[in-house]
Structures are given as C-alpha cells and as structure tokens.
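Keeping their order, the protein sequence lines are chains A and B.
According to this note's numbering, the first sequence is numbered sequentially starting from 2.
According to this note's numbering, the second sequence is numbered sequentially starting from 3.
Beta carbons are placed, not taken as given, at the ideal position from N, Cα and C, and that holds for glycine.
Let me begin by presenting the structure, written as structure tokens, before commenting on it.
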Amino acid sequence: MLQLQIVSLLFALGMVYWTWSSYRRRTIRLGELVLWVAVWGGFSLAVLLPQSVAVFVQRLHVNRVMDLFMILGFMLVWVVLFLNHLELRRMQKRLQDLVRELALRQDDAR
Amino acid sequence: MTDPARRAFVVIPVYNEGPRVGALLREVAREIPLERVVVVDDGSRPAVDRSWLGGAHRLRHAINLGKGMALRTGCEHALARGATAVILMDGDGQHEPRDIPRLLQALAEVDIVFGARDLGWKVPWVRLLGNRAINAWTNTLFNLDLHDIWCGYRAFRAEAFPVLAWNASDYAADVEMAVRAGRARLRHTEVPIGAIYHDAYKGVTVLDGLRLLVQLAAWKLTL
C-alpha cells in the first residue's frame, strides 16, 4: 500500500470519528451523520480500490483517479462554503432580530 | 399636509462615545424635549451611563450591530411612541443640534431632508475623494441630485419610514436610505449643515468605501 493511501485512510477514519462524536454531542442530526459517513466511506473505498472508480474516470474523460478526487473535492468544498455562508447569514439575522427585540423592550426612560 | 414637526423625535446611535453623549444631549435639549430623544447604545463598553441622558429614552443593544441597525431600532421605538417625524444624528457630536429647526422647517414641504456638509478640505483628501466618488456613483445610478449622501444628519416624515426601512447594518445604511428614497421618488431636499469634526468618519475605511461601490451596483439590480 502506498504511503499516500495510508495517510488518506487515516484522514478518512479521523473524519468518521469526528462526525460520529459530533452526532453523539447532538451537534449534527442523523441525516447529516449518514451523509458524511457515506462521503468518507466512499472516499476510503476509492483510496483502497482505485480501480472501483475507474469507470467514472473513463466516463468523465478524466486522466487519473487523482484528478477525479481533486475535482470532486473542489466541488464539495464549494458546496460546503455556500451552505456555511447561508447558515451564517441566517444566524446573523436571528441574532440581529433578538438583540433589537430585547433593546426595544428595555427602554429605561425616566 | 400635517406638520411633521408637531411630534418630532431625535434618534442618536451611540457606540463608545463616553460622556460626549451627555454634552450632545444638553445641546439637543435646547431644540427638542429629551422625552422625544432616543439614544441607542449599540453595545458600548462600558455602557452609556443612564445619568448622562436626563429624560431621554435609552435602548441598548447587548452586542454591537452597527449604525444601521441602531438607527432602525431607534426609529421603530420613536414611531411606536407616535413620532410624526424622525431626525437622525450621529452620536459623536459632529452634527450641530441647532440645525434641527432648519431640518424640520424644510421637512414641511417634503418627505425627507438630507443634511449636506461643506466638506471643503477639513477632512483628509482620501475621505474627501471617497465621499465624492460615492456621491457621483449613487447619483448616476439612481438619478439623484444629492451632494453629501454619506451625511447621517437627516429628517424624514413618519409615513416615509416603511419605504426607507433599510437593511444595511453598518454605515451603508445612510446611503441605502437615500437610494430607497430615490427609488420611491420621495420628495426630498438638502439643507446645508454645520459639522464639527472630532474623529470624523469613525469606523469607515477605504475598504468600506470600495465595498459600498459594489453594494450600490447590487442595489441597482435588487431594490
């Protein structure tokens, strides 16, 4: 096994553990747990058996499995970035509404 | 047409101004009773001291939300108390309260009155240039004719608030208000005002100016 494969597998295992402990602490829901375990599971499978994704490599006219990883990785990062942005905006709005509502209730004019 | 000055409120957003607010309110009290002044402490550390404010209303944001949100909170509070008009002024004392009667007088004929400073060379050239660029860009995009869009000293009738209600949480709120007024074709005018510079444009950076230029283009498409 290549050193890169070992490092990648350890990385995936670490991420699965992190996902599981987040679920245990109720930070993420069951659906998110399943989604992320599937992502890291798929990643591990492709690392262990690169030929299992060969069919995608050919279909998508990508040169190597590594290139496929890079493309999918970037797509995933952009999706996560966008979701984070939306969530941040939502939180910002909620926080603004809460702070303003509390302020409007607490007029202490004499 | 009703007289907007009948029950005009003053809204003053404040962030870390310290006792300067007390001095400002003493000046404001000469023009408007303090029961019709709303001070919004936008998360100052330490908080604005109640004893500095006399009979003015004090609202406090638990955390700093920015000038735009502080103004909105203050306006909603004033309007809920039957304000017929709202005068907005900065909490750092750069606006002179003695200009309030002139703003209200002008408001008798229009929906919103914008204060306009004679910036001359009293401010650093970068800021003067930035101000001119924002004015030119806003006037061009929204077919306005204002000379000091970034000036926070202004007055509007209560009926105009639903149209003006801004979403910008920071200093861009001043510009968004002007843009919304232009979009809704509100009757507006400008009144020359005096300005005292302490640390003028506090909190506004060149980056904010550049961001606002982009924001203006977005407003052109979305407002």
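Counting only runs of 4 or more residues that sit fully inside the region 73-150 of chain B, the alpha helix (DSSP H) segments are 102-109 and 127-144, in chain order.
Residues Ile29 of the same chain have their beta carbon placed closer than 6 Å to that of Ser23/A, with the five preceding and five following residues left out of the count. Taking 7 Å as the upper bound on Cβ-Cβ separation, chain B lies near residues Gln97 of the region 65-98 of chain A. Listed in chain order, the positions of the region 61-79 of chain B with a beta carbon within less than 8 Å of a beta carbon of chain A are Leu61, Arg62, His63, Ala64, Ile65, Leu67, Met71, Arg74, Thr75, Glu78 and His79.
When DSSP states are grouped into helix, strand and coil, Pro164/B belongs to the helix group. In the structure shown, Leu27/B falls within a helical segment according to DSSP collapsed to helix, strand and coil. For Ser171/B, the neighbours in chain A by C-beta distance under 9 Å run, in chain order, Gln93 and Gln97.
In the displayed model, Asp44/B falls within a strand according to three-state DSSP. The residue from Ile34/B, Gly95/B, Arg129/B and Leu36/B with its alpha-carbon nearest to that of Leu212/B is Arg129/B.
At least one CB atom of chain B sits nearer than 8 Å to the CB of Arg101/A.
Going by DSSP, Ile72/A is part of the alpha helix (DSSP H) stretching over Val66 to Arg106.
With respect to the C-alpha of His190/B, the residue from Asp113/B, Pro15/B and Val13/B having the closest C-alpha is Asp113/B. Burial of Pro6/B is indicated by the presence of at least 16 other C-beta atoms within 10 angstroms of its C-beta.
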